[in-house]
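Just so you know, the protein sequences line up as chains A and B, in that order. Numbered per my numbering, the first sequence spans residues 1 to 438. Numbered per my numbering, the second sequence spans residues 439 to 704.
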Amino acid sequence: MSKSSFLGADTIALHSGYQPESDHGSRAVPIYQTTSYVFDSVDEASALFNVEQGGHIYSRITNPTVAVLEQRLAAIEGGAGAICTASGMSALFISFFSLCSAGDHIVSAVQIYGSTVTLLKHTLKRFNIDCTFVDINDQKALNAAIQNNTKLVFCESIGNPGLAVSNLPAIAATAHAHGVPLVVDATFATPYLNNPISHGADVVVHSVTKWIGGHGVAVGGVVIDGGNFDWLKSGRFPTLTQPYEPFHGMNFWEEFGPAALAMRIRCESMRDIGAAMTPHNAFLLLQGLETLNLRMQQHMSNTQAMVVWLQQHDAVAWVNHPDIDADAHTKALFPNGAGSMLTFGVKGGRDAGAAFINALQLSSNLANVGDSRTLVLHPGSTTHSRLTEQDLVSAGISADLIRVSVGIETIKDIQADFALGLRAATKVAEAQAAQVGS
Amino acid sequence: MYIQVDNAKTFVATGGKAFDASLPTVVLLHGSGLDHRGWALQARWFAFHGYSVFAPDFPAHSLSEGEALTSIEDMGAWLVRALDAAGVNEVHLVGHSQGFLVVLEAAKILSHRLQSVMAISTGSSIPVNPSLIETAQSNPNLAAQMMLQWGFGHQHQYGASAVPGMQPIGIGQRIMANNPLATDLSACNAYSAGEKRAQELANQGCPSCVILAAQDRMTQRHIGLKLAKDLGTQAQIIDNMGHMLPMEAPKQSLNIMKQFIQSVEN
Numbered sequence: 001m002s003k004s005s006f007l008g009a010d011t012i013a014l015h016s017g018y019q020p021e022s023d024h025g026s027r028a029v030p031i032y033q034t035t036s037y038v039f040d041s042v043d044e045a046s047a048l049f050n051v052e053q054g055g056h057i058y059s060r061i062t063n064p065t066v067a068v069l070e071q072r073l074a075a076i077e078g079g080a081g082a083i084c085t086a087s088g089m090s091a092l093f094i095s096f097f098s099l100c101s102a103g104d105h106i107v108s109a110v111q112i113y114g115s116t117v118t119l120l121k122h123t124l125k126r127f128n129i130d131c132t133f134v135d136i137n138d139q140k141a142l143n144a145a146i147q148n149n150t151k152l153v154f155c156e157s158i159g160n161p162g163l164a165v166s167n168l169p170a171i172a173a174t175a176h177a178h179g180v181p182l183v184v185d186a187t188f189a190t191p192y193l194n195n196p197i198s199h200g201a202d203v204v205v206h207s208v209t210k211w212i213g214g215h216g217v218a219v220g221g222v223v224i225d226g227g228n229f230d231w232l233k234s235g236r237f238p239t240l241t242q243p244y245e246p247f248h249g250m251n252f253w254e255e256f257g258p259a260a261l262a263m264r265i266r267c268e269s270m271r272d273i274g275a276a277m278t279p280h281n282a283f284l285l286l287q288g289l290e291t292l293n294l295r296m297q298q299h300m301s302n303t304q305a306m307v308v309w310l311q312q313h314d315a316v317a318w319v320n321h322p323d324i325d326a327d328a329h330t331k332a333l334f335p336n337g338a339g340s341m342l343t344f345g346v347k348g349g350r351d352a353g354a355a356f357i358n359a360l361q362l363s364s365n366l367a368n369v370g371d372s373r374t375l376v377l378h379p380g381s382t383t384h385s386r387l388t389e390q391d392l393v394s395a396g397i398s399a400d401l402i403r404v405s406v407g408i409e410t411i412k413d414i415q416a417d418f419a420l421g422l423r424a425a426t427k428v429a430e431a432q433a434a435q436v437g438s
Numbered sequence: 439m440y441i442q443v444d445n446a447k448t449f450v451a452t453g454g455k456a457f458d459a460s461l462p463t464v465v466l467l468h469g470s471g472l473d474h475r476g477w478a479l480q481a482r483w484f485a486f487h488g489y490s491v492f493a494p495d496f497p498a499h500s501l502s503e504g505e506a507l508t509s510i511e512d513m514g515a516w517l518v519r520a521l522d523a524a525g526v527n528e529v530h531l532v533g534h535s536q537g538f539l540v541v542l543e544a545a546k547i548l549s550h551r552l553q554s555v556m557a558i559s560t561g562s563s564i565p566v567n568p569s570l571i572e573t574a575q576s577n578p579n580l581a582a583q584m585m586l587q588w589g590f591g592h593q594h595q596y597g598a599s600a601v602p603g604m605q606p607i608g609i610g611q612r613i614m615a616n617n618p619l620a621t622d623l624s625a626c627n628a629y630s631a632g633e634k635r636a637q638e639l640a641n642q643g644c645p646s647c648v649i650l651a652a653q654d655r656m657t658q659r660h661i662g663l664k665l666a667k668d669l670g671t672q673a674q675i676i677d678n679m680g681h682m683l684p685m686e687a688p689k690q691s692l693n694i695m696k697q698f699i700q701s702v703e704n
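Listed below in structure tokens is the structure:
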């Protein structure tokens, strides 16, 4: 049971937010593939626009299919409300955009996804929003980095691709001591493994594209408002606690309290930026959410098997997964395992790593994670290629790092495929050794 | 808006428009542990359709300061002082659950200033299980969860929120767990004058309306039907909904509310 539903997580994933509709009794959530909704009357239209009643006006703002996914994700994470977006990156952008204005400041973990670094370091900088990057588990550094104009602390619960686990309760305590909320990208953790709100997070973001969707067929994101942060007491958030003239002079905190941020995002970001999730994508992602628990069990058992298998392989230089020599906070936050991502390096460095990837037949070399299929990537030359060498080191990315998103195939088939790759890598390593020796 | 009542800063929601005491005033009173946000949608409709809305957070609840009031009688007297502080004369009083017990007590003091009363998911008394009060004292989070689990009807536990993407159980839990729930529940449990007050209102000819929920497990239907009888009115029952009617069925409850108040005004 989460703090916002009395149903178990597996039941929420299947049932919350929708009951068979009255017209046709569709058991599955229907796809409301429509841009707009007929008003019963001028009075009803007026009431909808003025938030005198709930409902749908235009699918950039809300859509019935998308709303089911939103409510399920809010319930499963224990939040007060959720807004689905076109992608995980747009979910991050509207989170930052809704909490910050020009002249504000963000403190972020350094151990995060490359495109999020770019957003925080370069794109938001153009709008005069600065960011300080810190080792997020260094409480002294975090404490020192928070300024009077800091509007949020950001981290990934499991960093991409370094797989550092953020100590959420400690980070939240430090942020809250300054009156600052904690925003957590929980994509790598999934709601199955960890619910950040119950560990002190105030806002949770997912790239729903990944494990929640699971099938690699639709891109989407979500922002979940935890509903626990006192925006008024903080004193840092006039956008939530003062009248907002462009939307009926609404004071979101006074009118909606625990759902103030979600409503602000709905009324401002979805209106003005419009990074809306499509109804069809919401439908596809709902299919994924419904079986997330079952897939995650297989993801985790395969990951645990792959970690052991790689550690024992002669061609492998090193293996990284948060569960290896896990520290206390990792064990506490992830009792069922810290995700199905692992990284490793092959003997022979970058060239051997390239040979490994090129030799794979079953696993796919692509820029995604969390698919049901096993995926591999060399971040240094792809997702994180725009980072400086120093940024790469800070993010825990070595030149030979291979990122693996362990799928749910039969484990012996994944291992057989990796054996092919490691044989190719070994040949490169042996050729390198021969060259050095000659 | 914020007003001073008994030297304490008191928040009163006005539905998104500036309060104008010269307009017909609809007073919306929240239930145990809740606050003005339970009326978010209804308040906006009244405020934008020719009424002034006065939806206070009781002392020590959410945005209001002060000490929590320990009896329904004190809450009724406090409400009248709050209305006086805002310069309000005549009022339509609407109460959800505990809020209607407060209506009954305030009505006695307001006398001729009272235009109508409306009861939503309530009765003339609300007995509370002592174990729930004890839980609210020792573990407010758990008590809030217990009340919301009982409070929301089955459809709302599973089905779509009235406001797309929101999870009202989560919102309610955040509000209730941080407010003086145990004090409110104790006050409800101790209140015994409701039946007499309701009959007095009926004898005075005060217009009244009762809205009940078919799946209310907090104040069961027979309690609400008895209240309607005491008030001399018929109860209107909304199907498939639970005790948290203003949040579960905002549109249906608003439709009844506005029809009733408009009929009294006309």
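Yeah, the Cβ is synthetic: ideal placement off N, Cα and C, and Gly gets one too.
Proximity of chain B to V51/A at the Cβ level (cut-off 9 Å) is accounted for by G454, A478, L479, R482 and V601, in chain order.
Fully contained in the stretch 147 to 215 of chain A are the following beta strand (DSSP E) runs of length 3 or more, in chain order: 150 to 156, 182 to 185 and 203 to 207.
In the three-state scheme derived from DSSP, where H, G and I count as helix and E and B as strand, K331/A is classed as helix.
In this structure, DSSP gives T448/B an extended state, which the three-state scheme calls strand. Closest option to D104/A, judged by alpha-carbon separation, among A86/A, I83/A, F93/A and C131/A: C131/A. Nearest neighbour of L669/B by Cα position, chosen from V648/B, A481/B, L521/B and I564/B, turns out to be V648/B.
The stretch 598 to 605 of chain B and the stretch 484 to 498 of chain B do not touch, with fewer than three beta-carbon pairs separated by less than 8 Å.
Bridge partners of N365/A according to DSSP: V376/A. Contact between the stretch 95 to 103 of chain A and the stretch 121 to 140 of chain A is present: 3 or more CB-CB pairs across the two stretches fall below 8 Å. Approximately 27 Å separates the beta-carbon atoms of L552/B and E254/A; this is outside 8 Å, ruling out the contact. Assignment of I106/A by DSSP, reduced to helix, strand and coil, places it in the strand class. Excluding its 5 nearest sequence neighbours in each direction, S46/A has no C-beta neighbour in its own chain below 6 Å. Contact between the stretch 275 to 286 of chain A and the stretch 27 to 40 of chain A is present, with at least three C-beta pairs closer than 8 Å. With contacts defined by Cβ atoms closer than 9 Å, A260/A and F252/A form a contacting pair. Within the DSSP secondary-structure output, L650/B pairs in a beta bridge with I675/B.
Taking G235/A as reference, the option from P191/A, V51/A, D202/A and V180/A with the minimal CA-CA separation is V180/A.
Annotation for L570/B: the continuous alpha helix (DSSP H) segment containing it runs P568 to S576.
Proximity to L420/A across A434/A, A354/A and D400/A peaks at A354/A, based on C-alpha coordinates. If you ignore the 5 residues before and after W211/A, its C-beta comes within less than 6 Å of the C-beta of T190 and G370, all in its own chain and listed in chain order.
In the three-state scheme derived from DSSP, where H, G and I count as helix and E and B as strand, Q442/B is classed as strand. Here the alpha carbon of S207/A sits roughly 44 Å from the alpha carbon of V532/B. Contact fails between the stretch 574 to 584 of chain B and the stretch 627 to 644 of chain B, because fewer than three Cβ pairs, one in each stretch, are under 8 Å apart. When Cβ pairs closer than 8 Å are counted between the two stretches, the stretch 78 to 95 of chain A is seen to touch the stretch 258 to 273 of chain A, the count reaching three or more. Against chain B, a Cβ distance below 7 Å from A47/A picks out W483. Between the beta-carbon of A636/B and that of S509/B there is about 18 Å, and that puts the pair past the 8 Å contact cut. Taking 9 Å as the CB threshold, G81/A lines the interface with chain B. Here S646/B is not near Q480/B, since their CB atoms are 9 Å or more apart. Under the three-state reduction of DSSP, M341/A is assigned to strand. Under the 8 Å Cβ criterion, the stretch 558 to 572 of chain B counts as touching the stretch 665 to 679 of chain B, having at least three qualifying pairs.
Below the 7 Å Cβ cutoff, chain A contributes K3 and S4 as neighbours of Q611/B, in chain order. Where W318/A is concerned, the enclosing beta strand (DSSP E) starts and stops at V316 to N320. The Cβ atoms of F457/B and V450/B lie closer than 9 Å to each other. Rounded to the nearest whole angstrom, the CA to CA distance from Q583/B to K3/A is 8 Å.
In the DSSP assignment, the residues bridged to Y244/A are M250/A. The Cβ neighbour count for R27/A, taken over all protein chains shown within 10 Å, is under 16; the residue is labelled exposed.
Annotated as proximal: M250/A and V51/A, with beta-carbon spacing under 9 Å.
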